[in-house]
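Trainee: Note that the protein sequences, when read in sequence, are chains A and B. Residues 60 to 182 in this note's numbering are what the first sequence lists, from first letter to last. Residues 60 to 182 in this note's numbering are what the second sequence lists, from first letter to last. By construction, the Cβ of each residue, glycine as well, lies at the ideal position given by its N, Cα and C atoms. Keep in mind it's a predicted model, so treat the numbers as computed, not measured.
Number of protein chains: 2
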Amino acid sequence: MAADPLTRVFAALSDPIRRDMVARLATADATVTELAEPYDVTVQAVSKHLKVLADAGLVSRSRQAQRRPVHLEPEVFDLMTTWIERHRRTAEQRYRRLDDVLASMPDDIGASPPTEQRTGAGT
Amino acid sequence: MAADPLTRVFAALSDPIRRDMVARLATADATVTELAEPYDVTVQAVSKHLKVLADAGLVSRSRQAQRRPVHLEPEVFDLMTTWIERHRRTAEQRYRRLDDVLASMPDDIGASPPTEQRTGAGT
DNA sequence: GTGTTAATCAACCAATTGGTTGAACGAACG
DNA sequence: CGTTCGTTCAACCAATTGGTTGATTAACAC
């Protein structure tokens with residue numbers, strides 16, 4: 060459990076149930092039992108998921124009598140988007156530089172790159 | 060390994076080493092041995108990490124002689140940012156609606172909310 | 001051919017994860 | 001008071017994960 064914040068947030072959202080809970084909490088606060096209702100797991104399991112989300116800072120809990128409504132804290136999203144955008148920008152800049160190089164080259168150079176067929180990452 | 064794409068991408072980035080690899084690949088393609096160099100783990104471990112990234116569609120491999128340079132595929136980032144922004148927007152709209160309600164209320168209503176102190180999610 | 005280099009495959013191990021059941025806790029209600 | 005409701009804690013289990021070592025494949029160099 061002693062991981063850096065970014066690791067915790069990405070890990071928290073790497074589970075479909077937890078992602079669905081976050082999606083639902085975006086529209087309204089909810090209690091543990093309310094959250095558990097749609098899923099085919101016990102309330103205890105959902106409580107555990109909720110702990111993961113809370114440890115990631117994605118949700119907070121308040122107290123209303125014996126209920127403990129869960130509230131989404133969407134600021135934590137910025138942690139991810141900042142990281143992602145940073146590296147996306149870096150990668151894109153690299154492509155732009157490559158385009159410049161290619162554009163400034165005489166037509167015949169770099170025409171047939173030595174055996175390069177990309178595999179994997181089937182988007 | 061049979062998980063939906065979003066799960067795979069979030070899971071892939073939930074590891075510090077894998078995140079660091081992605082960050083480095085954003086600046087330049089690299090081989091497995093090059094990628095492994097900074098970390099205190101075996102090349103085999105890095106090869107496994109790379110497989111996770113490839114299964115998530117985040118990287119692709121080409122072939123140059125016996126080397127297999129790894130290349131970042133940043134389009135996959137969109138999968139995450141789309142999801143995140145969608146729910147962030149939903150949550151923010153909710154706050155705006157709440158602000159409207161509060162603004163349209165007579166001054167004394169809703170002044171002292173019944174015992175509500177939020178805990179957890181220490182941003 | 002033999003050898004060398006880059007990378008993966010295979011088997012194994014410890015720790016973590018997502019789930020369970022059962023017990024316990026705290027706040028309300030009779 | 002005792003009970004019920006909402007939630008969490010504790011122990012356990014199977015599957016996954018991140019790591020290891022050792023063997024194997026693939027493409028070059030001699």
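Since residue 138 of chain B contacts residue 81 of chain B with CB under 8 Å, what's their CB separation in whole angstroms?
Mentor: Wrong, their Cβ atoms sit about 14 Å apart, outside the cutoff.
Trainee: If the cut-off is 9 Å on Cβ atoms, which residues from the segment 70–95 of chain B count as contacting chain A, listed in chain order?
Mentor: 70, 71, 72, 73, 74, 75, 78, 81, 82, 84, 85, 86, 87
Trainee: Alpha carbon to alpha carbon, what distance is there between residue 102 of chain A and residue 128 of chain B?
Mentor: 47 Å
Trainee: Mind checking if residue 140 of chain A is an interface residue toward chain B, Cβ cutoff 8 Å exclusive?
Mentor: yes
Trainee: The ligand MN heavy atoms versus the CB of residue 87 of chain B: any closer than 7 Å?
Mentor: Absent from the structure shown: the ligand MN. Ligands present: none.
Trainee: Run down chain A in chain order and give the residues with a C-beta less than 8 Å from the C-beta of residue 133 of chain B.
Mentor: 146, 147, 150, 151
Trainee: Can you tell me whether DSSP reads residue 145 of chain A as helix, strand or coil?
Mentor: helix
Trainee: If the cut is a Cβ gap below 9 Å, which residues of chain A does residue 6 of chain B touch?
Mentor: No information on residue 6 of chain B is available, as it lies outside the stretch 60 to 182 that chain B covers here.
Trainee: What is the residue span of the beta strand (DSSP E) that residue 129 of chain B lies within?
Mentor: Annotation: the continuous beta strand (DSSP E) that includes residue 129 of chain B extends over 129–131.
Trainee: Less than 8 Å separating the beta-carbons of residue 132 of chain A and residue 121 of chain A?
Mentor: no
Trainee: Any Cβ of chain A within less than 8 Å of the Cβ of residue 101 of chain B?
Mentor: no
Trainee: Could you give the distance in angstroms between the alpha-carbon of residue 181 of chain B and the alpha-carbon of residue 83 of chain B?
Mentor: Bear in mind that a pLDDT of 43 at residue 181 of chain B, under 50, signals an unreliable position, so the model cannot answer this.
Trainee: Could you check whether the segment 88–96 of chain B touches the segment 70–81 of chain A, counting it as contact only if at least three pairs of C-beta atoms, one from each stretch, sit closer than 8 Å?
Mentor: no
Trainee: Quick one: Cα of residue 146 of chain A to Cα of residue 62 of chain B, how far?
Mentor: 25 Å
Trainee: I'd like the list of long-range same chain contacts for residue 73 of chain B, defined as Cβ closer than 6 Å, with 5 residues on each side in sequence excluded.
Mentor: Non-local beta-carbon contacts of residue 73 of chain B in its own chain, meaning distances under 6 Å to residues more than five positions away in sequence, are absent.
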